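Report on one structure; see the data block that follows.
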Amino acid sequence: MYISDIDEAVSRIAAAPFVADEFPFDFIAAYDAPPATITRIRNGTQNASDIDGGVLWRQKLHLLVCDAGQINEALARLLGSRATATQKAKFLLATDGVEVAAHDIDAEDTIFFPFSELGNRFGFFLPLAGYSRYKAADDNPIDVKAANRLRRLYDALIAENPEWEGDAKRHAMNLFMTRIIFCMFAEDTGIIPEHLFARTIHDHGGHAGEEMVHVLTSIFTAMSIREGERGDMPRWATDFPWVNGGLFAGDIEVPRFSRTAFRTLTEAAGLRWNEINADIFGSMIQVIVDPAHRHETGMHYTSVPNILKVLDPLFLDELRTEASRPALADNSREKARLKALLTRLSKIRVFDPACGSGNFLVIAYQELRKIERQVLDRLRAITGHAPGIWSHIELHNFYGIEISDFAAETAKLSLWIAKFQMDRAHRDMFGSAPPSLPLTDSGNIHNGNALAQDWLGACPAPISVNHRQKMPNLATAVDAHGTEEVIDGEVETYIVGNPPYIGARKMNDVQKAEMRTVAQGYTNKWTNIDYVGGWFIRAMQYSETVPNVCFAFVATNSLCQGQQVPTLWPILLENSLAIRFAHRSFKWINNAPKKAGVICVVVGMDRVHGGARTLFDGNLRQEVSTINAYLLPLPNIYIDERTAALCELPPMDFGNMPLDNGNLLIEPAEIEDFQSDPVASTFVRPIVGSKEAIRSIDRYCLWIEDDRIAQALAIPEIDRRIEATRVFRAGSPRPQTRSKARTPYKFGEIRQRNADHIIVVPSASSERRPYLPVLYMPGETIVSNLAFMMFDAPLWTISLIASRMHLLWIEAVCGKLKTDYRYSNTLGWYTFPVPSMSQADYKRLESCAENILLARAEVGGSIAEQYDPNNMHQLLIDAHTANDEAVESLYSGRGFRSDGDRLGHLFRRYAKLTADERGQEVDPEFALGMEGAA
DNA sequence: TATCCGACATGAG
DNA sequence: CTCATGTCGGATA
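Here the first sequence is numbered in UniProt numbering, starting from 1 and rising by one per residue.
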């Protein structure tokens with residue numbers, strides 16, 4: 001939908017019923033003057049994919065085009081009045097030179113960037129899918145062009161040097177490539193001659209030579225003349241007489257250049273390299289030169305908004321606030337304040353122990369430099385002249401650990417590029433650029449495995465010294481400019497990053513061994529902890545040694561759910577760490593064509609107690625007094641698995657697991673054959689898992705009692721299926737499965753019991769559903785391992801499970817499948833705190849349950865249809881409302897104000913009920929209400 | 001193409 | 001003997 005008139009757009013949106021998934025616009029583009037391309041698209045004369053690479057349109061995003069000057073008003077009206085907690089609308093907000101207030105674009109999926117970069121951002125990811133197909137847009141996506149040319153260069157070099165394919169050779173090639181890229185970049189910025197060659201100039205008696213690319217070009221030209229022959233050409237980069245600013249130090253071998261490679265290099269050198277986006281460029285280079293990982297690198301590249309979810313609340317927001325605080329009336333005091341802020345900025349260290357190609361570090365560096373410029377500018381306004389000082393934010397205070405050697409090289413490169421770009425901005429603002437350090441002083445990026453080492457090796461603790469000297473970094477001493485002593489306590493270290501996520505049960509042996517090393521001594525249940533949890537533990541250890549450490553990582557949300565919570569979080573929270581801020585579950589999003597299907601959280605921790613804590617949930621932001629491991633604004637409490645109910649609840653069993661490779665299950669197309677046979681039909685039973693229960697699907701399985709084996713085997717089709725099951729089980733690497741091969745005629749795990757009726761709770765259910773599904777089924781039904789079952793349980797259990805209270809508990813305490821509810825008997829049912837009930841209470845709940853079942857029968861259809869959140873029948877709504885009232889009246893005479901209130905009550909009750917076994921008094925904080933809870 | 005569940009068996013208690 | 005788990009995976013609307 002394209003609407004250029006903002007008033008019309010707003011009124012249309014206002015008139016539309018606000019349903020999250022039907023929000024009419026995903027993409028708001030603002031133009032000062034709509035470019036011709038948009039007009040052509042609107043008129044249908046240009047294929048939309050030509051300007052955006054097809055990404056947007058493949059996702060069926062809708063476009064609202066409005067005038068740039070109106071974007072703020074439009075957003076205020078759209079978001080201000082309509083934003084709700086459930087809003088999931090995606091705003092790909094593109095503006096050109098228009099400032100948009102941050103609060104307006106706080107929506108979960110918002111991506112915010114200047115329109116001129118639109119092509120870049122989308123174009124950049126197309127290379128991951130096959131960027132040769134990419135057609136450059138009018139907006140000149142320089143990153144993509146650069147990527148294309150570098151890839152061609154790289155491929156040409158590989159083709160010319162087939163022996164470079166080995167690991168070591170490949171690494172040499174990668175080193176060479178990153179240096180080449182830097183040469184092109186630096187040459188373009190014009191900074192190279194006086195700084196990069198400083199040493200060379202000295203060594204060669206003032207013979208600075210020409211700009212680096214010219215030097216290289218001439219050499220390559222000579223090489224290309226002797227195509228394929230090395231002859232007497234330099235073999236090592238260190239042999240280049242002028243190329244010796246440290247950039248080509250070490251044993252970097254020079255690959256042979258073909259004419260094609262040479263031509264590609266000169267083409268690439270012709271681009272405007274200083275317009276490259278340093279933040280994403282690192283990922284791009286990595287993708288280009290590392291074809292084996294093109295796919296996954298793209299998938300796992302952390303988008304800028306997600307990086308800022310970590311950096312902003314951790315330290316940038318605070319610094320920005322400080323930098324833009326209204327001036328003190330007294331000029332000299334204001335000057336002192338600003339200078340103190342500059343000093344503070346110079347003493348900040350950022351450390352990413354899973355830095356990849358350095359995106360977090362680059363963004364952090366850029367943002368700090370921006371803040372510094374702002375402060376310097378204010379200082380200039382007071383003193384009336386240019387500050388006369390260079391940037392005090394030094395690359396060597398940016399630390400990283402990266403397991404891939406090439407990514408580590410790329411991270412250094414990206415930091416150089418970021419520095420040059422920031423220096424240029426500095427020069428534009430203040431007329432002169434800070435001096436460049438020798439290039440060897442890049443970020444402190446260590447190539448290694450972060451979990452396998454003590455982080456102090458990669459990012460040493462700051463120490464104080466008395467003498468003045470120029471120091472390579474804060475870790476070993478003082479102010480980088482040697483003018484000031486650095487006192488321990490003043491150095492701030494922020495650990496950030498997006499470590500790899502590998503499920504606790506999905507690690508390979510090496511990774512498991514790492515986790516054991518990291519977690520041993522804290523818990524013996526470390527096998528339950530996701531790989532990313534290891535980073536939290538390492539960060540904790542680091543913060544025990546180094547003062548002023550705060551850290552925040554992006555992680556899978558499973559870290560804050562289910563089993564992992566009582567295992568991992570006590571380690572952290574009982575070692576005097578506290579959660580300073582957190583982003584609750586959000587979908588992983590970047591612009592890669594194939595996104596990782598993962599749900600993330602961001603958790604930031606510190607050792608400062610008290611003070612405000614910030615909890616982000618979608619586009620909601622809450623200041624709270626405490627955040628627990630479930631990322632709820634409640635005191636710490638861990639819900640441990642139980643094997644029997646805490647309260648008086650009937651047992652609930654895990655369903656029956658076929659372990660059959662599908663052979664014991666009968667598909668709908670096959671059921672006819674069985675049912676038409678009077679003998680075979682006696683071996684068939686209906687089976688339900690989550691899907692069957694929720695969508696009312698009929699499905700069947702073979703169910704053969706021990707005493708009827710012979711009879712069953714006499715039927716050829718059944719015999720065939722049993723044999724297939726046996727073969728399958730016998731071939732398993734798991735001893736337990738192999739032993740089941742002896743009884744291939746029955747399910748691998750059987751917990752079914754004879755019963756009159758079974759209450760079935762599907763294990764997975766959509767998060768959109770307002771209540772958990774729970775069904776009353778006849779006793780002959782077999783329940784699969786995708787559901788839980790209670791045999792002949794009283795009806796009032798349905799009332800409890802179907803209540804809002806229970807849903808909230810399950811959501812908070814159990815694991816998740818993506819963001820959907822995942823039921824668990826041990827984590828959710830047996831732990832569910834229920835008040836003691838009278839006979840009258842039971843009766844009342846039973847009648848509520850009956851009413852729900854009756855309403856369902858009346859409404860008809862499947863659970864999925866009945867509980868469609870957009871279309872729930874009033875009868876059913878009423879039945880559930882009455883049920884909720886009945887259940888909640890058991891807990892509280894005066895009812896609850898909000899879900900936060902309900903959840904707080906449940907946690908409080910749980911804490912009380914388990915106080916004895918936990919050997920603790922009831923946490924006094926639980927006496928507080930749940931004010932402020934979401 | 002997004003949503004909604006499912007399998008699938010593994011590992012660990 | 002039990003059951004949570006998945007930088008998942010498939011099916012389907």
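Even for Gly, the Cβ is constructed at its ideal location relative to N, Cα and C. Keep in mind the model is a prediction, meaning the values are calculated, not measured.
Give me the Cβ distance between residue i and residue j, rounded to the nearest whole Å; I'm assuming they're in contact under 8 Å.
i           : j           : result
residue 255 : residue 161 : 5 Å
residue 580 : residue 605 : 6 Å
residue 359 : residue 396 : That belief does not hold up - the Cβ atoms of residue 359 and residue 396 are roughly 19 Å apart, past 8 Å.
residue 538 : residue 451 : 7 Å
residue 659 : residue 749 : 7 Å
residue 551 : residue 630 : Between residue 630 and residue 551 the Cβ distance is about 19 Å, and since that is not below 8 Å, they are no contact.
residue 414 : residue 362 : 5 Å
residue 834 : residue 647 : 4 Å
residue 825 : residue 791 : About 13 Å; that fails the 8 Å criterion.
residue 910 : residue 637 : 7 Å
residue 403 : residue 448 : 7 Å
residue 184 : residue 269 : 5 Å
residue 355 : residue 384 : That belief does not hold up - the Cβ atoms of residue 355 and residue 384 are roughly 41 Å apart, past 8 Å.
residue 649 : residue 829 : 7 Å
residue 730 : residue 720 : With a Cβ gap of about 16 Å, residue 730 and residue 720 do not count as contacting.
What is the residue span of the alpha helix (DSSP H) that residue i lies within?
i           : result
residue 711 : 709–713
residue 430 : 405–430
residue 540 : 531–545
residue 906 : 899–918
residue 515 : 509–519
residue 821 : Element bounds for residue 821: not the alpha helix (DSSP H) but the beta strand (DSSP E), 820–822.
residue 848 : 839–859
residue 400 : Per DSSP, residue 400 belongs to no alpha helix (DSSP H); it is in the beta strand (DSSP E), 398–402.
Hey, would you say residue i sits closer than 7 Å to residue j, going by beta carbons?
i           : j           : result
residue 149 : residue 267 : yes
residue 894 : residue 805 : no
residue 862 : residue 786 : no
residue 819 : residue 599 : yes
residue 613 : residue 624 : yes
residue 553 : residue 499 : yes
residue 496 : residue 352 : yes
residue 802 : residue 774 : yes
residue 522 : residue 571 : yes
residue 175 : residue 394 : no
residue 159 : residue 264 : no
residue 628 : residue 620 : no
With residue i as the anchor, note down where its beta strand (DSSP E) starts and where it stops.
i           : result
residue 951 : Absent from the model: residue 951. The displayed extent of the chain is 1 to 934, so no value can be given.
residue 554 : 549–556
residue 587 : 578–587
residue 494 : 492–497
residue 623 : 620–624
Between the alpha carbons of residue i and residue j, how many angstroms are there, rounded?
i           : j           : result
residue 328 : residue 378 : 12 Å
residue 372 : residue 527 : 44 Å
residue 860 : residue 853 : 10 Å
residue 459 : residue 406 : 20 Å
residue 747 : residue 705 : 11 Å
residue 722 : residue 715 : 11 Å
residue 113 : residue 308 : Because the pLDDT of residue 113 is 34, which lies under 50, any placement of that residue in the model is unreliable, and the number read from its coordinates should be weighed accordingly. Roughly 13 Å between the two C-alpha positions.
residue 182 : residue 420 : 10 Å
residue 672 : residue 655 : 26 Å
residue 652 : residue 348 : 53 Å
residue 603 : residue 763 : 27 Å
residue 919 : residue 525 : 21 Å
residue 172 : residue 574 : 46 Å
residue 102 : residue 735 : Any reading at residue 102 must be qualified, since the residue scores a pLDDT of 33, below 50, and its modelled position is unreliable; no value is offered.
residue 330 : residue 324 : 16 Å
Within the region 734–816, ranges of the alpha helix (DSSP H) (whole runs, at least 4 residues): Taking only runs of at least 4 residues, the alpha helix (DSSP H) segments lying wholly in the region 734–816 are 735–739, 796–801, 804–813.
Inside the region 672–697 only - beta strand (DSSP E) runs reaching at least 3 residues: For the region 672–697, whole beta strand (DSSP E) runs of length 3 or above, ordered along the chain, are 684–688.
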